[in-house]
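Counting the sequence shown from 1 gives a position; the numbering used here is that position plus 5.
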Amino acid sequence: MTDVNVAEPESYISEDEDAKTPTTESKPPAAGERRRQLVRQGIDSGILAVLDCKFHRGNKTYTFLDASGPEFLDAKTGQPAYDVLTAFMTAMDLHYHLKVDKMRLFEILGWKFECRECREIKFPAEYENTIFVFYDAERRPSWLMSSGPCVACKERASQSKPAHVPYKASYRDPPLTYKCNYRARWT
């Protein structure tokens, strides 16, 4: 079983229009209240379907919206526990999502990804036009989730070689063709 690090509850800054004071600090909202906030913000129903998927951890059942709290994340790295991640991958298989939807889902959950270029751990908003990779626990590197290159790495690469736009494929060149000069002889 995975060790669960319990961290101090973080203060929550309300961004809800219905709140009397938009910057009041309080405890994080319960999952039901947080879901209502997401619905009011116009979050896609497919994202809400994944957040409402249930998984078992120990003797309790949780939703992914419940699992976005600090007790489900590694305090040092900010990555989810492996059992949460495997349940999440199963839920993602049930619900097809576009890359933009996945990025928004990771932002809601507060998950971080390691950039493959600079090896820094960053939030999904710091990546652009990229994929998010989840590693299996047996074959994984030190980090379960990676992505990249991040926006900062792309900018550094474009400044180092201004004539070359990094990480983009050019399909203007014709494909290579091979001519065979061998002729078969039938006797």
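Yeah, the Cβ is synthetic: ideal placement off N, Cα and C, and Gly gets one too. All values reported here derive from a predicted model rather than from experimental measurement.
Exposed or buried, what is residue i when buried is set at 16 or more other beta-carbons lying within 10 Å of its beta-carbon?
i, result
"V44", "exposed"
"A92", "buried"
"L99", "exposed"
"L110", "buried"
"T135", "buried"
"S50", "exposed"
"M94", "exposed"
Report, in whole angstroms, the separation of the C-beta atoms of residue i and residue j, which I expect to be a contact under 8 Å.
i, j, result
"I113", "L56", "7 Å"
"T68", "C58", "7 Å"
Measuring only the C-alpha atoms, how far is residue i from residue j?
i, j, result
"R121", "R62", "30 Å"
"R39", "P129", "20 Å"
"D71", "S165", "44 Å"
"R124", "E76", "25 Å"
"F118", "Q84", "8 Å"
"S152", "A54", "24 Å"
"L90", "E131", "21 Å"
"N186", "E160", "At N186, the pLDDT of 39 sits below 50, so the modelled position is not reliable and the matter cannot be decided from this model."
"Q42", "I52", "13 Å"
"D106", "A96", "14 Å"
"G37", "S73", "13 Å"
"A162", "F60", "41 Å"
"M108", "K127", "12 Å"
"Y87", "N64", "17 Å"
"V138", "G47", "27 Å"
"P154", "W116", "17 Å"
"V156", "E133", "6 Å"
"L103", "C158", "23 Å"
From the DSSP secondary-structure annotation, give me the bridge partner or partners of residue i.
i, result
"T66", "H61"
"L78", "P85"
"C155", "Y132"
Under 8 Å between C-beta atoms, does residue i make it to chain D?
i, result
"Y132", "The displayed structure is made up of one protein chain only, and chain D is not part of it."
Item to complete: Just list the beta strand (DSSP E) runs in the stretch 105–137, keeping only unbroken ones of 3 residues or longer that don't cross its boundaries, in chain order.
Response: 118–120
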